[in-house]
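Colleague: One line per chain: the protein sequences are A and B, in this order.
Residue 33 in our numbering sits at position 22 of the first sequence, and the numbers go up by one each step.
Residue 637 in our numbering sits at position 394 of the second sequence, and the numbers go up by one each step.
For glycine and all other residues, C-beta sits at the position ideal for the given N, C-alpha and C.
One structure, as structure tokens, below. Some questions next.
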Amino acid sequence: MTPSQLRIKNLILQFLDQHMRQTGTGPRELTDDIDVLHSGIIDSLAFIDLLLRVEAELGSSLALDQIDFERISNLKELVEMLDQLMVTT
Amino acid sequence: MSGIRPVTDADLPAVAALYERVSRSGTGSPAPGLVEYFARTLNHPMADDELPSLVYVNADDEIVAFIASHVRRGRVGGRSLRIRCTGQLVSGPNAGPIAGPALLRTVLAGPQDLAITDGATPLVVDMWTRLGGHIHYGASTVWNRPFRPVREAGNRLVPDRYRSFRPTGRIIDLGDRLGRRWLGPNPPPPNVNAQPMTTTDLVEATRDAARTGRVALDLDAPFARWLLNEIAAVTERGDMTANRVLRDGRLIGWYIAYFKSGGTGQVLEIRSTSPENLDDVLSRLLHDAYRAGVTALQGRMDPWLFPIIRRRRFILRAGEAALFHSNEPELSRLIACGETDLSRLGGEWWMGHHLESIPVTADPSDTEPPNADTAAVSQVLPDSESKPKRANGH
């Protein structure tokens, strides 16, 4: 995992931990295998919040029109996808 | 590879099937006419290839989500505006939480000057505001002027699909007749008359009424004809009535509304050529709506209506949200401050994709819209209904 991917992963884990506390859906063990998008942990609004958090922390925007959701079945793949979609601003 | 791309005509059957499954019957077989309705509402005279509707497709190029882009033209001062009215947003069960936000964000990041919508659900409101959009609070407020309160209450309590269970009969009639003594609208001054409005009338009136420095809809004849035809096609909302209002033969304003006998009338636009004329235009509208048999008249609180709605003490409530988004702070400021002439006419609130009967129309590009004749409609009412003995309402 590259430094950039590691940073994104930490941001996602922080976000999910906070989100699960706030919504009462946690605690849950978050491993690289967890399917963040299809396990019901986050909904559309939480996904937007996650994207905005990642963008704000990394000072980049995400080219969401190119997101390939079928290639995201676990946390590791989500991290790789977001890293690919980063557009430095 | 999955991702987002502009919708094509070949996609429309799949788009309609997805919409049917998510927003209508729950089946995957689109209602008769739905594919054609999507085609008509997306491929209109102001459609813009740079502001397309979008689909989200999976690796097999199967459509799993869709967002409609209804393009409008506007202006502010001497400048033309590209307005993108976002409409139907549907996401299938396999799309997960990504597709909807990805589509909306792609649309809001487009090359339009201003994005709007006016029939937003709470979820869409939350998505828009997270992505930099704003609620237009005035236009998200609905005014209501009841005429036949007992029947109107029945309509509100019992949804349309159970309409056969709505209370009817002598008690309802008696209640409404008693209510009419206080709620029947005063007739407009005798020199204030209404005449059917043609598309040319609408284009010219909109242009002439443009106020400096306000964000306004820009109409040309082909688009106005298309727009009025499509509005008229949504017959489930009632009979479209587009009337010029004249005082001593001179134009003082106009209104475009749905009149539904026995149901709630809905105003899409009411405008006057000057603020001083608005009272007479509104009186004419209320009178025509009452005589057409509507139980109550409803519209959104467009900024220019605020003084008169307050004075007449109409009932106000929160309605479907009107939203806007612009990357230009000055445009956002103008809308937020009510410096806008945009009404429901420029939005997508009136569309009928979700309604039980799919709107059908003849070739809208060549024909004048069917305009309800209010004089003829009023003849439907018995004399006792059309002439309140004592009318002290507004």
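Whose C-beta lies closer than 7 Å to the C-beta of residue 289 of chain B among residues of the same chain, with five residues either side of it excluded?
Modeller: Cβ within range, chain order: 314, 315, 316, 466.
Colleague: Could you list the residues in the region 356-375 of chain B with a C-beta less than 8 Å from some C-beta on chain A, going in chain order?
Modeller: 366, 369, 370, 373, 374
Colleague: Check residue 461 of chain B in the structure and name its three-state DSSP category.
Modeller: coil
Colleague: Return the bridge partner residues of residue 506 of chain B from the DSSP annotation.
Modeller: Answer is none; residue 506 of chain B lacks a bridge partner.
Colleague: Please report how far the alpha carbon of residue 305 of chain B lies from the alpha carbon of residue 61 of chain A, in whole angstroms.
Modeller: 27 Å
Colleague: Between which two residues does the alpha helix (DSSP H) carrying residue 21 of chain A extend?
Modeller: 14-34
Colleague: For residue 348 of chain B and chain A, any beta-carbon pair shorter than 8 Å?
Modeller: yes
Colleague: How many angstroms separate the CA atom of residue 20 of chain A from the CA atom of residue 373 of chain B?
Modeller: 22 Å
Colleague: Where does residue 326 of chain B fall in DSSP's three states?
Modeller: DSSP places residue 326 of chain B in strand when its eight states are reduced to three.
Colleague: Report all residues from its chain with a CB closer than 7 Å to the CB of residue 85 of chain A; omit the five preceding and five following residues, and keep chain order.
Modeller: The residues 43, 44, 45, 46, in chain order, have a CB closer than 7 Å to that of residue 85 of chain A in the same chain once the five nearest residues on each side in sequence are set aside.
Colleague: Would residue 542 of chain B be called buried (16 or more neighbouring beta carbons within 10 Å of its own) or exposed?
Modeller: buried
Colleague: Using only the alpha-carbon positions, how far apart do residue 292 of chain B and residue 506 of chain B sit?
Modeller: C-alpha separation (whole angstroms): 39 Å.
Colleague: Work out the CA separation of residue 397 of chain B and residue 535 of chain B for me, nearest whole Å.
Modeller: The alpha-carbon atoms of residue 535 of chain B and residue 397 of chain B are separated by roughly 19 Å.
Colleague: Output yes if chain A places a C-beta closer than 8 Å to the C-beta of residue 631 of chain B; else output no.
Modeller: For residue 631 of chain B, the pLDDT reaches just 40, beneath the cut-off of 50, and the residue's location in the model is therefore unreliable, although a value from the coordinates is still provided. It does not: the Cβ of residue 631 of chain B has no partner Cβ on chain A nearer than 8 Å.
Colleague: What does residue 15 of chain A reach in chain B if we use C-beta pairs closer than 8 Å?
Modeller: Within 8 Å Cβ-Cβ: nothing; residue 15 of chain A doesn't reach chain B, min ~21 Å.
Colleague: From which residue to which residue does the beta strand (DSSP E) around residue 296 of chain B run?
Modeller: Taken as a continuous stretch (DSSP letters only), residue 296 of chain B belongs to no beta strand (DSSP E), as it is neither H nor E.
Colleague: What residues of chain B sit near residue 137 of chain A, judged by a beta carbon separation below 8 Å?
Modeller: Shown here, chain A extends from 12 to 100; a query on residue 137 of chain A therefore has no answer.
Colleague: Below 9 Å on C-beta distance, what does residue 45 of chain A contact in chain B?
Modeller: Near residue 45 of chain A there are no residues of chain B at all, since even the closest Cβ is about 14 Å away, more than 9 Å.
Colleague: Could you tell me which chain D residues have their CB closer than 7 Å to the CB of residue 49 of chain A, listed as they occur along the chain?
Modeller: The chain inventory of the structure shown lacks chain D, comprising the protein chains A and B.
Colleague: Taking CB distances under 8 Å as the criterion, tell me whether residue 245 of chain B reaches chain A.
Modeller: yes
Colleague: Closest Cβ-Cβ distance between residue 634 of chain B and chain A: below 8 Å?
Modeller: At residue 634 of chain B, the pLDDT of 35 sits below 50, so the modelled position is not reliable and the matter cannot be decided from this model.
Colleague: Do residue 417 of chain B and residue 353 of chain B have their C-beta atoms closer together than 8 Å?
Modeller: no
Colleague: Which of the three DSSP states, helix, strand or coil, is assigned to residue 640 of chain B?
Modeller: With chain B covering only 244 through 637, there is no way to say anything about residue 640 of chain B.
Colleague: Give the secondary structure of residue 533 of chain B by DSSP, where H, G and I count as helix, E and B as strand, and everything else as coil.
Modeller: helix
Colleague: From residue 278 of chain B to residue 310 of chain B, what does the alpha carbon distance come to, in whole angstroms?
Modeller: Taking the straight line joining both Cα atoms gives about 15 Å.
Colleague: Bridge partners of residue 482 of chain B, per DSSP?
Modeller: B:502
Colleague: Residues of chain A with a CB under 7 Å from the CB of residue 301 of chain B: which are they?
Modeller: Near residue 301 of chain B (Cβ distances below 7 Å), the residues of chain A are 81.
Colleague: Using a Cβ-Cβ cut-off of less than 8 Å, give me the residues of the region 251-267 of chain B that come near chain A, in sequence order.
Modeller: Answer in chain order: no residues at all.
Colleague: Using 8 Å as the limit for Cβ to Cβ distance, is residue 77 of chain A near chain B?
Modeller: yes
Colleague: Considering only DSSP beta bridges, list what residue 98 of chain A is partnered with.
Modeller: A:72
Colleague: Is residue 307 of chain B buried or exposed, if buried means 16 or more other CB atoms sit within 10 Å of its CB?
Modeller: buried
Colleague: Give me the subset of the region 523-538 of chain B whose CB atoms are less than 9 Å from a CB atom of chain A, sorted by chain position.
Modeller: none
Colleague: For a test of your reading of the model: does the CB of residue 276 of chain B fall under 7 Å from any non-hydrogen atom of the ligand COA? Yes or no.
Modeller: This structure does not include the ligand COA; it has no bound ligands of any sort.
Colleague: Within this structure, are the beta carbons of residue 565 of chain B and residue 382 of chain B separated by less than 8 Å?
Modeller: Going by C-beta atoms, residue 565 of chain B is nearer than 8 Å to residue 382 of chain B.
Colleague: So, under 8 Å CB-CB, residue 334 of chain B and residue 343 of chain B are touching, yes? Tell me the CB distance rounded to an integer number of Å.
Modeller: The C-beta distance from residue 334 of chain B to residue 343 of chain B rounds to 4 Å, short enough to meet the 8 Å contact threshold.
Colleague: Given residue 544 of chain B, which residues of its chain have a CB within under 6 Å of its CB, disregarding the five upstream and five downstream residues?
Modeller: Correct list, in chain order: 381, 384, 386.
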